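First comes the structure, then the notes that go with it.
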């Protein structure tokens, strides 16, 4: 007897789950509320340039993601330029995050800080496996400390400011004082021989290829879910759909708004997930421009309004046609929260001013794209991973959950939750 499943959410978690189920012979329908699917992995082409509207890359330790890409025959590319400089109170200094040796050579770290960092790197290689995409392993290290409190204690002030913060904030956009130390501990575990990987057609290629093999209904917003002993019914803007199983793979705020008989304990934990906003700004040039450094990130004491700034042509030449240039400006979450209510023109002007304080003067662009997201990144505050581990261990039969909110804001974590949900259905 054939089985069926409806998946709510067309991001990497939902499409990954749907793909695995469809390959096993289960009839799957994906409902996506937005006009386009992909979520934080969506890409688009603007004036001939490939623009990632969310996550710009994956890493070499994204095991599940790389396995899926191999299955889909999507090739990855190692960007040509992965190094840059950090803007510090003492000027711009080269920083390469790809190996402990290069990190420890950073000149602003005290001898004591370097020795502590070396000891921490060495210890991490002999501890139990810790993976940034596995909430179960992260929960073991989620003891209530923030990255800031743990980092200052474990590394000292200078190594915390110039190594730990530089390895977290430019990539996740939230502050080290907000997030669980488990995240930093996982990153330290991964730091040996890691590198960044990209996809020629943009990150959206992953979901594009997944969706080719699925029934995906875009512009279809779910409003309620009803579970009974024999089926699950999802009500949406186009009517309703009944299936043997349902996977709710939408962002946590969207799931929390669904009417129906979601368990009270589940709903309370979903509502407790804390998202932060993010603003991503692209400046496009129909001509070459000259810059002093292709990648600049801020480092040192104090809050930084900009997480990082990068010119794209030297990083991924396939994203930018010859003779053109594109500059990406990633705002920090706290700065994004300040600007999210501003008119787009005002937000662009303020972000440009922020960017120029660390990058240098930016030439006037030929085109601009601003991508504001209110629920852009999950904040894994202390205790988050423990709560999510408990949530995922709760027994479920017909109604399951997936999404980056269960693991923290990485493509790897989101995909793993989708594949895990699919496996639970297949095991029944």
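Numbering (our numbering), first residue to last: -6 to 421.
Even glycine gets a Cβ: it sits at the ideal position worked out from N, Cα and C.
In this text, all values refer to a predicted model and were calculated from it rather than measured experimentally.
By the DSSP assignment, the beta strand (DSSP E) with residue i in it spans what residues?
i: residue 271; result: 268 to 278
i: residue 291; result: 288 to 291
i: residue 81; result: 77 to 81
i: residue 363; result: 360 to 371
i: residue 28; result: Neither: residue 28 is in no beta strand (DSSP E) and is coded neither H nor E.
i: residue 232; result: 232 to 236
i: residue 22; result: 20 to 24
i: residue 299; result: 299 to 304
i: residue 121; result: That residue, residue 121, is in no beta strand (DSSP E); it is neither H nor E in DSSP.
Buried or exposed for residue i, going by 16 or more other Cβ atoms inside 10 Å?
i: residue 104; result: exposed
i: residue 154; result: buried
i: residue 45; result: buried
i: residue 308; result: buried
i: residue 38; result: exposed
i: residue 398; result: buried
i: residue 400; result: buried
i: residue 83; result: exposed
i: residue 16; result: exposed
i: residue 347; result: buried
i: residue 34; result: buried
i: residue 87; result: exposed
i: residue 283; result: exposed
i: residue 245; result: buried
Please report the residue range of the alpha helix (DSSP H) in which residue i lies.
i: residue 202; result: 197 to 205
i: residue 105; result: 104 to 117
i: residue 67; result: Run containing residue 67: none; DSSP gives neither H nor E here.
i: residue 128; result: 128 to 133
i: residue 36; result: That residue, residue 36, is in no alpha helix (DSSP H); its beta strand (DSSP E) goes 36 to 39.
i: residue 142; result: 140 to 148
i: residue 404; result: 404 to 419
Using only the alpha-carbon positions, how far apart do residue i and residue j sit?
i: residue 18; j: residue 49; result: 33 angstroms
i: residue 69; j: residue 193; result: 7 angstroms
i: residue 190; j: residue 101; result: 29 angstroms
i: residue 279; j: residue 179; result: 41 angstroms
i: residue 116; j: residue 148; result: 13 angstroms
i: residue 396; j: residue 406; result: 8 angstroms
i: residue 296; j: residue 207; result: 44 angstroms
i: residue 303; j: residue 251; result: 39 angstroms
i: residue 78; j: residue 389; result: 48 angstroms
i: residue 131; j: residue 259; result: 20 angstroms
i: residue 40; j: residue 364; result: 16 angstroms
i: residue 338; j: residue 344; result: 10 angstroms
i: residue -5; j: residue 414; result: 18 angstroms
i: residue 370; j: residue 168; result: 12 angstroms
i: residue 203; j: residue 65; result: 8 angstroms
i: residue 235; j: residue 229; result: 11 angstroms
i: residue 56; j: residue 114; result: 21 angstroms
i: residue 124; j: residue 182; result: 8 angstroms
i: residue 254; j: residue 248; result: 12 angstroms
i: residue 177; j: residue 232; result: 44 angstroms
i: residue 172; j: residue 137; result: 10 angstroms
i: residue 85; j: residue 98; result: 15 angstroms
i: residue 29; j: residue 211; result: 6 angstroms
i: residue 156; j: residue 135; result: 21 angstroms
i: residue 423; j: residue 264; result: Outside the shown range of the chain, which is -6 to 421, sits residue 423, and nothing can be said about it.
i: residue 273; j: residue 159; result: 19 angstroms
Assuming residue i contacts residue j (C-beta within less than 8 angstroms), just tell me the rounded distance between them.
i: residue 267; j: residue 374; result: 6 angstroms
i: residue 23; j: residue 11; result: 5 angstroms
i: residue 299; j: residue 324; result: 6 angstroms
i: residue 381; j: residue 122; result: 18 angstroms between Cβ atoms; not a contact.
i: residue 197; j: residue 31; result: 5 angstroms
i: residue 326; j: residue 408; result: Between residue 408 and residue 326 the Cβ distance is about 23 angstroms, and since that is not below 8 angstroms, they are no contact.
i: residue 185; j: residue 118; result: 7 angstroms
Cutting at 8 angstroms between CB atoms, please list the residues of its own chain near residue i, excluding the five before and the five after it.
i: residue 239; result: -2, -1, 0, 1, 218, 220, 225, 227, 391, 392, 393
i: residue 109; result: 147, 148, 149, 152
i: residue 416; result: 13
Give every residue of the same chain whose Cβ lies closer than 6 angstroms to the Cβ of residue i, excluding the five residues on either side of it in the sequence, and list them in chain order.
i: residue 80; result: 289, 291, 351
i: residue 143; result: 174
i: residue 313; result: 42, 305, 306, 319
i: residue 163; result: 290, 300, 301
Which same chain residues end up closer than 7 angstroms to residue i when comparing Cβ atoms and leaving out the 5 residues on each side of it in sequence?
i: residue 242; result: 0, 1, 2, 4, 6, 7, 10, 395, 396, 411
i: residue 213; result: 24, 25, 26, 229, 230, 231
i: residue 170; result: 139, 141
i: residue 385; result: 128, 399
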